[in-house]
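Heads up, the thing below is written out as structure tokens.
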Amino acid sequence: MSDKGPQFMPSAVQNTEFNEGIYRELIDKSLLGLAIIQDGRLIYANVRLAEIIGHSLEDMLVLSADNFMSIIHPDDRTGILGALIDGISSNKLPLRREFRIIRKNGEVVWTDALANFIEINGKPAMQVAFMDITSRKMLNVDQMKPERNILRF
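Sequential numbering of the sequence shown, starting at 27, is according to my numbering.
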């Protein structure tokens with residue numbers, strides 16, 4: 027038995043239709059929200075990103091980069107822009123940052139985002155993977171609260 031991960035039969039790997047099906051399943055049903063930004067606008071988003079951000083896919087795909095920035099919590103926007111500029115200028119890739127997003131319904135969601143530059147159709151683009159870390163952040167906050175039910179003697 028091999029420890030190299032999933033193995034596919036050579037004839038199946040050579041089948042382009044089979045490969046496209048695997049990639050489509052991986053992307054569409056990813057546990058991470060995935061986005062591609064090119065020419066100042068979102069050109070791709072998967073269903074999980076729509077769930078994390080709380081917007082429909084249709085709404086997200088008409089957002090400009092500026093409008094996309096508006097869903098980032100106001101207290102986090104400057105840090106995100108600074109990290110992008112620093113990452114681009116110093117070529118520190120991939121970029122990683124935790125920040126808050128404001129959903130369409132006003133709910134605040136914590137995300138851990140990892141971004142890298144790619145090329146699509148001969149033009150630069152940015153791929154971003156988002157993970158919802160709200161539960162972890164809330165658990166950390168709860169652990170920092172003083173005990174309320176201390177027995178007093």
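C-beta atoms are modelled at their ideal positions from N, C-alpha and C, and glycine is treated no differently.
If you keep only unbroken beta strand (DSSP E) runs of at least 3 residues inside the segment 70-145, you get 121-128. The Cβ atoms of LEU75 and ALA91 do not sit closer than 8 Å to each other.
Non-local beta-carbon contacts of GLN153 in its own chain, meaning distances under 6 Å to residues more than five positions away in sequence, involve ILE62, ASN142, ILE144 in chain order. From the listed residues GLY80, LEU165, GLU84, the smallest Cα separation to TYR70 is found for GLU84.
Annotated three-state conformation of ILE48 is helix, per DSSP.
Between the alpha carbons of THR42 and ARG50 lies a gap of roughly 12 Å. In the same chain as ILE98, and ignoring 5 residues on each side of it, the C-beta atoms closer than 8 Å to its own belong to ILE106, PHE125, ARG126, ILE127, ILE128, in chain order.
Taking all protein chains in view, the Cβ of ILE146 is surrounded by fewer than 16 other Cβ atoms within 10 Å, so the residue is classified as exposed. The beta carbon of PHE94 lies closer than 7 Å to those of LEU68 in the same chain, with the five residues before and after it left out.
Here SER56 has ASN72, ARG74 as same chain residues with Cβ atoms under 7 Å from its own Cβ, once five neighbours each way along the sequence are excluded. Per the C-alpha coordinates, the member of ARG123, GLU46, ILE53, ILE78 positioned closest to SER161 is ILE78. The three-state secondary structure of ILE159, taken from DSSP, is coil. LEU60 carries a strand assignment under DSSP once its states are collapsed to helix, strand and coil.
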